[in-house]
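J.:
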Amino acid sequence: MQLNIGDKAPDFKGVDQNGKSISLSDFKGKNLIMYFYPKDNTPGCTAEACDLRDNYEMWIERGYAVVGVSPDSEQSHKKFIDKYDLPFPLIADTDKTIIKDFGAWGLKKLYGREYEGLLRTTFVIDATGIITNIFTKVKTKDHTNQILESLK
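Numbering-wise (the working numbering), the sequence shown opens with residue 4 and increments by one.
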């Protein structure tokens, strides 16, 4: 499924690192930065999470919530959050339902080899559930500025 700017975000329901249920309706009336990343504790994913962490207060002040999604388990997310002191929830989408609903799963290439995997993608969703921006070429070390530039 290919989502576009202006589309209604798919309604999702998942569980975070503590087993707490999270759904799109939890963010009604708030803007949401929902980022999909391949794997906890890998260099690019850690850089992206830490960049969003370091700017988290600014996002809150601007009326945004931040949620990460990956196919890792709740336990893996808990360790990742504890290790890097992440202030936002991470959804454990082990069956890849949310990932596929958002179109963040597909064909990747590495060293000439093709395989299916998570496509690092960020969705900015407004307070009414409409997608206002999609990032498919994520700058992991400078993702906050990349998002901020699009909001101008």
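We treat Cβ as the ideally placed atom computed from N, Cα and C, and that holds for glycine.
It should be emphasised that the depicted structure is a prediction, and the values quoted were computed from it without experimental measurement.
Once DSSP output is grouped into helix, strand and coil, what is the label at I94?
T.: Residue state, collapsed to three classes: strand.
J.: If we call anything under 8 Å between Cβ atoms a contact, is P41 one with S73?
T.: yes
J.: At 4 residues or longer, and completely inside the segment 24-78: list those alpha helix (DSSP H) runs for me, N to C.
T.: 46-57, 59-64
J.: If distances are taken between C-alpha atoms only, which option among S24, N21, I102, G132 comes closest to E119?
T.: The residue with the shortest Cα to Cα distance from E119 is I102.
J.: If you follow the alpha helix (DSSP H) that L151 is in, where does it begin and where does it stop?
T.: 146-154
J.: Specify whether the segment 79-89 and the segment 107-126 touch according to this definition: at least 3 beta carbon pairs, one from each stretch, less than 8 Å apart.
T.: Result no; under three Cβ-Cβ pairs closer than 8 Å.
J.: Nearest to I8 by CA position, among I84, I63, T139, D145, is which residue?
T.: T139
J.: Are there 16 or more other CB atoms within 10 angstroms of the CB of L35, so buried, or fewer, so exposed?
T.: buried
J.: So, at 7 Å on beta carbons, what are the nonlocal neighbours of K99 in its own chain, with the 5 sequence-adjacent residues on each side left out?
T.: P74, W108
J.: I'd like the span of the alpha helix (DSSP H) that includes I128, first residue to last.
T.: Where I128 is concerned, there is no enclosing alpha helix (DSSP H), although the beta strand (DSSP E) it sits in stretches over 124-128.
J.: Applying the 10 Å Cβ sphere with the 16-neighbour rule, what's the burial state of G22?
T.: exposed
J.: In chain order, what residues of the same chain lie with their CB nearer than 6 Å to the CB of K16, ignoring the 5 residues before and after it?
T.: Taking C-beta separations shorter than 6 Å and ignoring five residues to either side along the sequence, the partners of K16 in its chain run S26, following chain order.
J.: May I ask you to report which of helix, strand or coil DSSP gives F15?
T.: coil
J.: Would I84 and Q20 be called neighbours here (beta carbons separated by less than 8 Å)?
T.: yes
J.: Quick check on the burial criterion: 16 or more other C-beta atoms within 10 angstroms. Buried or exposed for Y67?
T.: For Y67, the number of other beta carbons within 10 angstroms of its own is at least 16, and it is reported as buried.
J.: Can you give the Cα-Cα distance for K11 and H146, rounded to whole angstroms?
T.: Inter-residue distance for K11 and H146 is about 23 Å (C-alpha atoms, whole angstroms).
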